[in-house]
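Residue numbers (our numbering), protein chains in the order written: chain A, 1 to 336; chain B, 1001 to 1336; chain C, 2001 to 2336. The C-beta atom is built at its ideal place from N, Cα and C for all residues, glycine as well.
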Amino acid sequence: MPAPMTTLAALAVRFGCELRGDPDIEVDSVATLQGATGCSVAFLANLKYRRHLAATAAGAVVLQARFAAECPVPALISANPYATFARIAAELHPQPASAPGVHAAAHVDPGAHVATSASIAAGAVIEAGASIGERAVIGPSCVVMRDARVGDDSRLVAGVTLCRGVHVGARALLHPGVVIGADGFGFAPEPEGWVKVPQIGGVCIGDDVEIGANTTIDRGAIENTVIEDGVKLDNQIQIGHNVRIGAHTVVAGCSGISGSTVIGRRCIIGGMVGIAGHLTLGDDVHVTGLTLVSRSLSGPGVYSSGWPAEETRRWRRNVAQLRRLSKQHDDEGDDA
Amino acid sequence: MPAPMTTLAALAVRFGCELRGDPDIEVDSVATLQGATGCSVAFLANLKYRRHLAATAAGAVVLQARFAAECPVPALISANPYATFARIAAELHPQPASAPGVHAAAHVDPGAHVATSASIAAGAVIEAGASIGERAVIGPSCVVMRDARVGDDSRLVAGVTLCRGVHVGARALLHPGVVIGADGFGFAPEPEGWVKVPQIGGVCIGDDVEIGANTTIDRGAIENTVIEDGVKLDNQIQIGHNVRIGAHTVVAGCSGISGSTVIGRRCIIGGMVGIAGHLTLGDDVHVTGLTLVSRSLSGPGVYSSGWPAEETRRWRRNVAQLRRLSKQHDDEGDDA
Amino acid sequence: MPAPMTTLAALAVRFGCELRGDPDIEVDSVATLQGATGCSVAFLANLKYRRHLAATAAGAVVLQARFAAECPVPALISANPYATFARIAAELHPQPASAPGVHAAAHVDPGAHVATSASIAAGAVIEAGASIGERAVIGPSCVVMRDARVGDDSRLVAGVTLCRGVHVGARALLHPGVVIGADGFGFAPEPEGWVKVPQIGGVCIGDDVEIGANTTIDRGAIENTVIEDGVKLDNQIQIGHNVRIGAHTVVAGCSGISGSTVIGRRCIIGGMVGIAGHLTLGDDVHVTGLTLVSRSLSGPGVYSSGWPAEETRRWRRNVAQLRRLSKQHDDEGDDA
């Protein structure tokens, strides 16, 4: 879609930056420092990329004042260049709008409520009792099962499944393959096998939540699974039944959180982290990637248990060495 | 859906409990010890929650005889309170029934066989040669590809894909996003790249199997991948080609089982466990979360290799210390 | 589907094998050494299965010359038996063809381009501006969003989602649940929460790429995520934004690659491997399963950090022993 041309002056005013350079330069896109042309705005946030600043051909660069002297082109000075850049990118690259209305190839049950400003795409299925808010977008092949609710301005991109009775707040962004409200994993052992424990709780997703592709959030066993406002979940995350995730917490891809665990606010959970069930993580806990969390953690704090890769030959020596030491220790009877 | 009111006397008789308390009390739902009102049945199984027993307002609590004295309300005595509670919950909270028949917005190939008591939802696709059993429910956006078979009383909740020729037994419950029968990962190396090994085996799923959201089970390379009766798989599990999982084994979320591995009966595999290919795990093997299984394991037995999280500062010392000891050991020539 | 009968002579000629045995024997299928009948071709590649050779009833066995003397039935001699077997299997077990044309229950936007030789199944959705190449197959419930492109002879099996503008090359095979082009995970922190960084890059998938069930590949933040020719990805893999994977690299199931990491050509990444962001892995790097890659790795080389399972009782001693040694080392002040 054609992006509008905008002057640097207009961007500076709109996003509260100090402009150092020609205010009449026009830009229409964002780019990386290396990829930018005179029509694009780049940014410097990760210092790893500072070496690309001197040679950039960008129309302007968003950066902190301390780097302005190194910038060969106009600078938009911001205390938080990444956030300012994000807002400029959203302005210059607006999402294509979805036309309101129900596509002829969508299947909306007469007992569902769909706001007139909402957009329902081809192949979407909305069951009886479901409710779709104002300006919400339900993409192709999404399924909103009975009595599920989607808040205003939320978007289910494509192939998202909301199981019965699930609640999603306003301004949510749910990527393809997300499943919310499947049964939690609950079985009672008996001599002849497992007895299924009915999963009769729901899922409550707050406002401004983003959920990545193929992430799954199970419904509660009895009470609800809860994702608070502003939480951001990456792809392929598994959230068990009755988990609660506090506001503004972020979780990176492939992590799994077992049932009934409560995670605080503003936590940062790395990728491929496994968190056992029935634990409590305090506010502002940071867990690095590939860590096993098997006990409750108080916050704030940073926690790890991932072993960094080594050459396999060396790694095997580590494994053998620890076994040797453990055995030796046992033989010496220190355990006694 | 309105739950029926039931007396404690009726529950005691139906589920074989001894009732201590007023048999005429009526209940209509289940709840947690803390959340229960006088109309609900709660339970005590995990001792972590025993502290909530004394203050519960439940209409009745399902528990073992040894805790009856602590129970301030009527007690339904059971040797296995969790299983008894599960059965009571299923009785008080029945699944909404799906109307038999093919929805006008479903696409059933004329060459498919669908039992008249089965229910096919909007957006479902049933290809030629497929067969859907009595009272089976195929939810919205499910795809049953050619020659696949779904047994009696099985339910594909929504967005489930059964690839061609896959067999699912009776009373299966397949949650959204499940994919059964995608090609196994088989490629033969040649100097110019990889040659695909056709995956011509199938998948056989027994009776009473539950499979969680976005779990994938690959078809066999030549012979079948087999999931035996009563197996319960959590969400986001990956099962490679020609794996066999023995009856009544349970696997927690995010685990992966590589090709041709055989797992015994009644095993319990924790979350985010990785099991290498071509191994054998005996009956009654228990593997704790985040463990790497790289050799065959005999059962019964409990196996682990997950490192519990520590403060990152301390964790780094562990990593450094082991490297130091390995290096020292090498320098001392003990390996020789 | 009925497989054609073929003589061993014809197979030997077509696939360049030396035949030792009766050239007129007819075969119609492939099988394992143990499962083969006189009408099937088996193979010996993994030496683990050599013990089954002497008793095989196969019509012929594909194997290396050095094992021919042990073979009780006709032998098709090949330097690379697994690759030769793969080609014979493809010949004897051809994929059922999909009829060209758009199914009446598919939804193709008038503004999309679909080659006349392409096949679009029931329930598929093709949005405006999308382009489907010659002989491409778009299976049931697949979604090809606006401006996405699918190359000639590619196949989206079922329930695959290509987000807007994504490019997939020729002869791709995308299994059910694959999601290509969801937003990368990019948020800028601000005191009041996270600001979304628009993800305006695309995804470029080369030719001859296979992608397993429920694998997700995010679109680039600014520039593209790139998967080069001949890459093979297993199931449930997560590829972050702006990752580049070099030609002919293979990745096993459940692995995750974080944003902006560049992986070389011909790498072999094991299962459940986590690779941090902004790293570079050279050509011919091999990473074994359950390894955490937290720094760049030069190739060629083999790297690991997965701990093999032990009996839990022993494992706990390892954990305790390392903690003890670290603490002791600290107390001795060796860190100073």
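With contact defined as three or more Cβ pairs closer than 8 Å, the region 2066-2074 of chain C and the region 2087-2094 of chain C are not in contact. Identification of residues in the region 1196-1222 of chain B having a C-beta nearer than 8 Å to some C-beta of chain C yields K1196, V1197, P1198, I1200, N1214, T1216, D1218, I1222, given in sequence order. By the beta-carbon neighbour count (other beta carbons within 10 angstroms, threshold 16), L2047(C) is exposed.
By alpha-carbon distance to D183(A), the top candidate from S294(A), K196(A), R171(A), H175(A) is K196(A). At a cut-off of 8 Å between beta-carbon atoms, G1230(B) makes contact with chain A.
G306, W307, P308, A309, E310, E311, T312, R313, W315, R316, V319, L322, R323, L325, S326, H329, D330: these are the residues of the region 300-331 of chain A whose beta carbon lies less than 8 Å from some beta carbon of chain C, given in chain order.
Here M5(A) is exposed, its C-beta having fewer than 16 other C-beta atoms within 10 Å. Taking a cut-off of 8 Å on C-beta distances, the region 2025-2038 of chain C does not touch the region 1312-1322 of chain B, as fewer than three cross pairs fall below it. Annotated three-state conformation of E228(A) is coil, per DSSP.
Taking the Cα of G111(A) as reference, the smallest distance to any Cα among H103(A), I132(A), E190(A), K327(A) is reached at I132(A). Membership of E18(A) in the beta strand (DSSP E) is indicated by the continuous run 18-20.
Residues of the region 2149-2183 of chain C with a C-beta atom less than 8 Å from some C-beta of chain A are G2159, T2161, C2163, R2164, G2177, V2179, A2182, D2183, listed in chain order.
Secondary-structure assignment with DSSP links V2114(C) through a beta bridge to I2132(C). Of all C-beta pairs linking the region 301-313 of chain A to the region 281-291 of chain A, three or more are shorter than 8 Å, placing the two stretches in contact. Using a Cβ-Cβ distance cut-off of 8 Å, the region 1113-1126 of chain B and the region 235-242 of chain A are not in contact, since fewer than three pairs of beta carbons, one from each stretch, lie closer than that value.
Residue pairing of P1176(B) in beta bridges, as defined by DSSP: absent, with no partner found. Sequence-ordered contacts of the region 2021-2032 of chain C with chain B read S2029, V2030, A2031, T2032 [C-beta pairs closer than 9 Å]. Taking D1207(B) as the centre and dropping the five residues before and after it, the same chain places the C-beta of G1151, G1169, A1170, R1171, A1172, D1229, G1230 closer than 8 Å to its C-beta, in chain order.
Taking 8 Å as the cut-off, the Cβ atoms of T116(A) and P94(A) do not count as close. DSSP, reduced to helix, strand and coil, places R149(A) within a strand of the structure shown. For T216(A), the beta-bridge partners assigned by DSSP are V179(A), Q238(A).
Here H2286(C) carries a strand assignment [DSSP, helix/strand/coil]. Counting along the chain, K1196(B) sits inside no alpha helix (DSSP H); it lies in the beta strand (DSSP E) bounded by residues 1193-1196. Contact note: L2292(C) reaches chain A through G289, L290, G306, W307, P308, A309, using a C-beta cutoff of 7 Å and chain order.
Distance check between I217(A) and each of G259(A), P198(A), F187(A) places G259(A) closest, using alpha-carbon atoms only. Residue contact with chain C for S1258(B): present (Cβ-Cβ distance below 8 Å to some residue of chain C). Around P2140(C), the beta-carbon contacts reaching into chain B at under 7 Å are V1125, V1143. Within chain B, the residues whose beta carbon sits less than 8 Å from that of L297(A) are A1309, listed in sequence order. Residue environment for P2176(C): buried (at least 16 other C-beta atoms within 10 angstroms of its C-beta).
With a 10 Å radius around the Cβ and a threshold of 16 neighbouring Cβ atoms, Q1034(B) comes out exposed.
Counting every other CB atom within 10 Å of its CB across the protein chains shown gives S2078(C) a total of 16 or more, marking it as buried. The distance from the Cβ of H241(A) to that of T225(A) is about 6 Å, consistent with a contact at the 8 Å cut-off. Any Cβ of chain A closer than 8 Å to the Cβ of H1052(B) would place that residue at the interface, and such an atom is absent.
Interface annotation, G16(A): not in contact with chain C, CB-CB separation never under 8 Å. The C-beta separation of G1186(B) from G1202(B) comes to about 15 Å, leaving the pair out of contact by the 8 Å criterion. For the pair V61(A) and L162(A), the Cα-to-Cα distance works out to about 41 Å.
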